[in-house]
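The structure appears right after this line, and notes come after that.
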Amino acid sequence: MCGSSSRKKRISSYWSSLESQGTKLPCFAILTSTKTVYFAQSSILRSVPAKLRDIMLAKSWILECLQSHEGHCGQDGSSGFPLKVIDCASRKLCEIAPGTPYVCLSYVWGNTSVAHEISSTLSGCLPKTIEDSIWVTLQLGYSYIWIDRYCIDQQNDAEKHYLIMYMGAVYRGAKLTIIAAAGDSPHSGLPGINGTPRRQQYSHTVGTSGQQIIGLEVPKQDIEDSVWNTRGWTFQELVLSRRRLVFTRSQMYFQCNNMHRLENLPPRHPASSSPDPSMDAGISHDNLIAFPNLNIGSTVQTIYRQIEEYYHRNLSFHEDIVKAVTGIINSFELGQGTDRIRATQLFGLPIFYSQTSPTFCLPSEKKCSPTVFTPTSTFAHSLIWTISPPFDTEYSVVTDTLFPSWSWASCKNHYDPIYECNFTWETSLVDFSCEESLQVWINNESGRSLELDEYIKTWDQEDDRLLAPKISIKSWVVLWNTEPYQNSSVHDDRALTWSFKMGDDIMLDHSETPPSDSLAAIYLGSNQSLGRPNDREYKDAVLLVVEKVDDSTWRRIGVLRCPRKRVSHWENTLAWLNRIKREGDWKMRTLCLV
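So the sequence shown is residues 1 to 594, counted in the UniProt record's numbering.
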């Protein structure tokens with residue numbers, strides 16, 4: 001239990017003195033460096049026993065959501081396609097039709113092999129988390145549960161690929177997702193269920209009246225400390241779900257897209273005017289809500305923020321880096337009716353598109369009028385990810401064959417959880433203006449080349465597993481050689497910047513010394529100046545810095561931002577670029593990036 005025993009004794013003595021005076025006992029909070037524990041009367045907080053007393057409490061939360069939040073949480077969920085699930089009564093795999101209610105499970109796989117577990121009938125002895133989840137599903141009145149370990153044939157590549165592409169439909173189609181946020185394997189169980197222990201919460205009787213004081217450990221902190229919260233796949237499962245029933249080490253927690261409920265906190269008092277029961281206890285709403293930012297598709301920037309958060313999660317297999325976030329990207333929708341803006345990805349980089357038009361508009365607070373976008377222009381913005389400080393490891397196009405250098409996945413492939421870094425897209429898509437003449441081509445393994453905008457028209461009919469990890473990009477390009485910075489022999493980021501102008505900002509992906517003097521900067525576009533956000537006459541030019549690999553290919557090494565460049569209405573792009581790098585031989589070129 002968090003907080004020292006001496007502090008608890010002092011609070012207990014204080015409560016006793018108040019109780020003897022007939023004074024109402026206040027709500028207290030004990031804060032440490034890692035946790036906050038609230039204490040209040042039993043009329044405000046509910047005692048949580050070591051064994052779950054009533055699973056029907058969770059059912060009441062689900063019912064409250066179903067009856068009240070149709071607009072926010074969607075009452076009728078469906079995967080949209082036949083889905084293989086577990087029949088909880090017979091323990092057999094079966095296929096259900098779209099619209100059939102089912103539950104999903106999100107949990108930590110651990111190191112257990114799954115090869116032997118693919119069978120039409122589940123074995124009699126299942127891992128404790130699986131057993132507990134099946135029991136909870138039945139108690140809540142549902143017959144079917146979807147568990148990836150059993151419901152995806154890991155040896156069927158086509159089935160795996162299809163479900164990875166449409167994982168959003170699987171989790172958003174479920175009535176509920178059970179989250180096992182305790183333990184580090186499928187054998188840990190759901191705390192409080194069928195003998196799975198959970199941490200006993202503080203309870204103290206004050207004075208002679210028998211009045212009870214209850215302790216509330218905030219579930220958010222238990223969740224943040226869990227192994228489940230560090231895993232890559234579970235982040236997607238959390239974000240995509242509509243209703244989440246979380247089993248922490250100390251209590252149940254429920255959160256849909258419109259409310260949250262705690263086992264420790266009883267329903268609000270009938271006489272209370274507060275819509276949130278936590279307000280009655282004087283406990284901050286912000287301290288109790290576990291997942292504050294779960295609005296999928298609220299803006300295009302939501303996708304970038306979610307990838308940034310996902311970047312710091314752990315994966316057992318490097319080849320899953322893009323797969324484990326594909327469901328979030330593919331689930332994006334903005335707008336109503338048929339003219340919706342959707343999203344897909346190319347090696348993890350988001351691409352936005354309209355379902356009915358080759359172009360679409362996005363409003364910006366910093367611009368007088370909405371900017372017109374194409375799939376290619378949104379992809380150009382997605383190329384402008386940065387990481388700081390840069391990795392000490394060296395990227396090699398020879399050994400790093402999983403992901404291309406221009407994808408953030410190439411850096412995550414080397415990510416170490418103990419390495420603190422800031423991975424981000426510094427500017428938002430809506431404030432980005434892509435170079436009008438920029439074009440991008442993608443290639444498949446057979447050598448076929450297709451312009452990106454054309455590919456997007458039929459992407460759902462294409463197999464992205466056949467795409468080669470390279471692109472060809474056409475734009476204004478300047479070639480240059482590195483120069484030592486102030487007589488330094490080291491070709492570092494300052495030296496690269498010196499080749500342009502002092503004040504320009506280059507952000508390298510890796511901190512190695514560039515092994516080649518053959519560098520190029522590809523002009524991608526501009527955005528409202530970060531240094532002068534309210535002055536529309538000033539722009540930041542954004543360029544992709546690449547290094548020559550061989551006679552036909554280049555690889556990304558970083559991003560160059562040339563800030564606060566005044567834009568004159570009379571000059572064209574080439575004239576503006578020549579002011580950015582004087583004596584630069586800017587030419588319209590096509591480079592192949594790997």
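Idealized CB from N, CA, C, for every residue including glycine.
Just so it is clear, the structure is predicted and the values come from calculations on it, not from any experiment.
Helix or strand or just coil, what does DSSP make of residue i?
i, result
"Tyr-162", "helix"
"Ser-433", "strand"
"Ala-115", "Since pLDDT at Ala-115 reaches only 47, below the 50 mark, its modelled position is unreliable, and no value is offered."
"Ile-384", "coil"
"Tyr-538", "strand"
"Pro-358", "coil"
"Met-252", "strand"
"Ala-575", "helix"
"Arg-261", "strand"
"Tyr-310", "helix"
"Ser-273", "In this prediction, Ser-273 has a pLDDT of 48, which is less than 50 and means its spatial position is unreliable; nothing more can be read from the coordinates."
"Ser-316", "coil"
"Thr-196", "coil"
"Leu-176", "strand"
"Pro-375", "helix"
"Gly-189", "coil"
"Pro-404", "coil"
"Glu-420", "coil"
"Lys-581", "coil"
"Gln-67", "helix"
Check the C-beta distance from residue i over to residue j and give it rounded, since I have them as a contact under 8 Å.
i, j, result
"Gly-215", "Phe-332", "No, Gly-215 and Phe-332 are not in contact; Cβ-Cβ is about 41 Å, not under 8 Å."
"Ile-303", "Ile-341", "In fact, because the Cβ distance is near 11 Å, the residues do not count as touching under 8 Å."
"Val-477", "Arg-589", "4 Å"
"Gly-232", "Tyr-310", "6 Å"
"His-79", "Ala-180", "Residue identity check: residue 79 is Ser in the sequence provided, not His. Actually they are not in contact, since the Cβ atoms of Ser-79 and Ala-180 sit about 22 Å apart, beyond 8 Å."
"Ala-174", "Val-227", "The Cβ separation is near 22 Å, so there is no contact."
"Cys-592", "Ser-472", "5 Å"
"Leu-524", "Leu-438", "7 Å"
"Val-48", "Gln-251", "5 Å"
"His-381", "Phe-317", "29 Å between Cβ atoms; not a contact."
Check whether the Cβ of residue i lies closer than 8 Å to any Cβ atom in chain C.
i, result
"Leu-524", "The chain inventory of the structure shown lacks chain C, comprising one protein chain alone."
Would you decide whether residue i is buried or exposed? Buried here means 16 or more other CB atoms lie within 10 Å of its CB.
i, result
"Asp-54", "exposed"
"Leu-560", "buried"
"Lys-587", "exposed"
"Asn-156", "exposed"
"Asn-242", "Residue identity check: residue 242 is Arg in the sequence provided, not Asn. It is buried - the Cβ of Arg-242 has at least 16 other Cβ atoms within 10 Å."
"Asn-264", "buried"
"Val-372", "exposed"
"Ala-575", "exposed"
"His-72", "exposed"
"Tyr-162", "exposed"
"Thr-137", "buried"
"Leu-543", "buried"
"Glu-537", "exposed"
"Gly-124", "exposed"
"Leu-63", "exposed"
"Ala-182", "buried"
"Lys-457", "exposed"
Who are the Cβ neighbours of residue i in its own chain at under 6 Å, not counting the five residues just before and after it?
i, result
"Phe-254", "Trp-61, Leu-245, Arg-261"
"Thr-205", "Gln-212"
"Pro-127", "Pro-186, His-187"
"Gln-221", "Lys-35"
"Val-545", "Ala-521, Ile-557, Gly-558, Leu-560"
"Ile-289", "His-260"
For residue i, which residues of its own chain have a beta-carbon under 7 Å away from its beta-carbon, when the five flanking residues on both sides are left out?
i, result
"Phe-379", "Leu-346, Leu-349, Ile-351, Val-440, Leu-452"
"Ala-97", "Pro-82"
"Arg-91", "Thr-121, Leu-122"
"Trp-135", "Ile-193, Asn-194"
"Arg-446", "Sequence inspection shows Ser at residue 446; the Arg mentioned does not correspond to that position. No residues qualify anywhere along the chain."
"Ser-407", "Phe-347, Gly-348, Leu-349"
"Phe-291", "Leu-238, Gln-255"
List the endpoints of the continuous beta strand (DSSP E) containing residue i.
i, result
"Cys-94", "92-96"
"Pro-563", "554-566"
"Ile-341", "341-346"
"Gly-525", "519-528"
Starting from residue i, follow the alpha helix (DSSP H) in both directions and report where the run begins and ends.
i, result
"Ala-324", "323-330"
"His-204", "Note, His-204: premise wrong, no alpha helix (DSSP H); beta strand (DSSP E) at 203-206."
"Arg-149", "148-151"
"Phe-235", "232-240"
"Ile-134", "128-139"
"Pro-219", "219-224"
Within a Cβ cutoff of 8 Å, which residues of the same chain sit near residue i, ignoring the five residues on either side of it in sequence?
i, result
"Val-218", "Lys-35, Thr-36, Val-37, Tyr-38, Asn-287, Leu-288"
"Leu-93", "Lys-84, Val-85, Ile-86, Asp-87, Ser-119, Ser-120, Thr-121, Leu-122, Tyr-150, Cys-151"
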